[in-house]
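Counted the way this note's numbering counts, the sequence shown spans residues 957 to 1200.
Ideal Cβ placement from N, Cα and C applies to all residues, glycine included.
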Amino acid sequence: MRSSTPDEDILVTLVRGLGHARIIKVVSKFEKKSILKQYDSILDVLVNEDNDINGKVGRARSLMRELVEPSDATFNILISAYCGEGNLVQALVMLENSFRKGYIPDVIAVPKVVELLCNNGRVSEALEVLEKVEERGGIVDVVAYNTLINGFCRLGKVKVGCRLLKETELKGCMPNVDTYNGLISSLCDSQDLDSALEMFNEMKRRGVGINWNFVTYDTLIHGLCWGGRVENGLKILEVMKDDK
C-alpha cells in the first residue's frame, strides 16, 4: 500500500534537500492523482533553484514524464524555463505540445517566447504565436505586444510597429508609456522626426491615460536635437516643464 501524500510544503522541502534521482524515487511512492496538485510547485523549485545550471530544465522535464500527466501550469513553467536558458527550440516544442493538449500559455510564458523569438530576429513567428494564443481565447497583454513591437522596430520595421500599435488598441489592449517610448525612440533613430512628434502630440491631445515620464521627453528631445531640430527640442522641453 502506498503511503499518504505529504503536503506541498513538505514536498518542496524534500526537493530542495534531495538530488533529482532521489526525489523521483521519493515522489513516485505516492499516488499520482494525489500528488498532482503539488507537482507544479515541485517542478518550479527544480527549475528555479537547481544550482547546476546545465541541463536543469531537461532533468525537470524528465521528472514530468516520470510522474504525472502535465497540467497547463506544468507547460508554463517549462516554457518559461527553456526561454530563460535561451533554448528556443525546446521552448517552441513545449509551446506546441501545450497547444495540442488544448492548453493556452499564460501571460508570463507568452512574452518570454515572443522575446526569445524577437531576439533571434524571428519576429514573424513571434506574431504567429500571439495570433495562436488569441485564436484559442488566451490573453495577450501589453507586455507581449510591447516586446513584439520593439522586435519589429529593432529590425528597422518601425511602420509595422506603428501599425501593431493601432491593431492592439482595436483589440482592446491599451498601450502604456513603454509602448510609446519604444516607438518614439525608434522613429527618432530612423530620423522620422515628424512622425515622432506627431505620435507625441496626438497622445497628448487624446489624453488616453498615458503618464509620460522622463524617458519620453528625454528620448524625444535628444532625437530632435540630434537631428538638427533644436528649436523643436526646446519646445518639448517647455512642455515638459508645464507638465511637472
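Legend entry - 7 Å CB neighbourhood of Gly1189 in its chain, flanking five on each side removed: Non-local beta-carbon contacts of Gly1189 in its own chain, meaning distances under 7 Å to residues more than five positions away in sequence, involve Ile1177, Leu1180, Cys1181 in chain order.
Legend entry - DSSP state of Leu1180 mapped onto helix, strand, coil: When DSSP states are grouped into helix, strand and coil, Leu1180 belongs to the helix group.
Legend entry - Nearest to Asp1062 (by Cα), restricted to the options Val1171, Glu1090, Thr1103, Leu1072: When Val1171, Glu1090, Thr1103, Leu1072 are compared, the shortest CA-CA separation from Asp1062 is found for Glu1090.
Legend entry - Completely contained beta strand (DSSP E) runs for the segment 1085–1169, where each covers 3 or more residues: Listed in chain order, nothing qualifies, since the segment 1085–1169 has no complete beta strand (DSSP E) run of 3 or more residues.
Legend entry - Cβ distance (whole Å) where Thr1175 is taken to contact Ser1151 below 8 Å: Actually they are not in contact, since the Cβ atoms of Thr1175 and Ser1151 sit about 14 Å apart, beyond 8 Å.
Inset, instruction - Give me the Cα-Cα distance between Glu1194 and Gly1040, rounded to the nearest whole angstrom. - result: Roughly 43 Å separates the two Cα atoms.
Legend entry - Opening and closing residue of the alpha helix (DSSP H) in which Pro1026 lies: Judged by DSSP secondary structure, Pro1026 falls outside any alpha helix (DSSP H); it is assigned neither H nor E.
Inset, instruction - Sort Gly1138, Lys1197, Leu1104, Asp1097 by Cα distance to Met1130 and report the nearest one. - result: Scanning Gly1138, Lys1197, Leu1104, Asp1097 for the CA closest to the CA of Met1130 turns up Asp1097.
Legend entry - Where Ile1064 falls: helix, strand or coil (DSSP): It is coil, neither helix nor strand.
Legend entry - Residue range of the unbroken alpha helix (DSSP H) whose run includes Gly1189: Secondary structure note for Gly1189: its alpha helix (DSSP H) is the uninterrupted segment 1186–1199.
Legend entry - Assigned secondary structure, Arg1056 (DSSP; H/G/I helix, E/B strand, else coil): Note: Arg1056 maps to helix in three-state DSSP.
Inset, instruction - Could you tell me the distance, in whole angstroms, from the CA atom of Gly1184 to the CA atom of Val1171? - result: About 20 Å.
Inset, instruction - Taking only the alpha-carbon atoms, compute the straight-line gap between Lys1191 and Ser1146 and give it to the nearest angstrom. - result: Their Cα atoms are separated by approximately 21 Å.
Inset, instruction - Might you give, ordered along the chain, the residues of its own chain that have their beta carbon closer than 7 Å to the beta carbon of Val1070, omitting 5 neighbours on each side? - result: The beta carbon of Val1070 is closer than 7 Å to those of Ala1082, Val1085, Leu1086, Ala1100, Thr1103, Leu1104 in its chain, skipping five residues each way along the sequence.
Legend entry - Nonlocal neighbours in the same chain, by C-beta distance under 7 Å from Asp1000, ignoring five residues either side: Excluding sequence neighbours, Asp1000 sits near Ile1033.
Inset, instruction - Report the three-state DSSP secondary structure of Gly1040 (helix, strand or coil). - result: Helix, per DSSP.
Inset, instruction - Identify, in the order they occur along the chain, each residue of the same chain with its Cβ nearer than 6 Å to the Cβ of Ile1009, setting aside the five sequence neighbours on each side. - result: Residue confidence is low: Ile1009 scores 45 on pLDDT, short of 50, so the model does not pin down where it sits. No coordinate-derived value is stated.
Inset, instruction - For Val1079, I'd like the list of residues in its chain whose CB is within less than 8 Å of its CB, leaving aside the five on either flank, ordered along the chain. - result: Taken in chain order, the residues that qualify are Leu1073, Leu1104, Gly1107, Phe1108, Leu1111, Lys1113.
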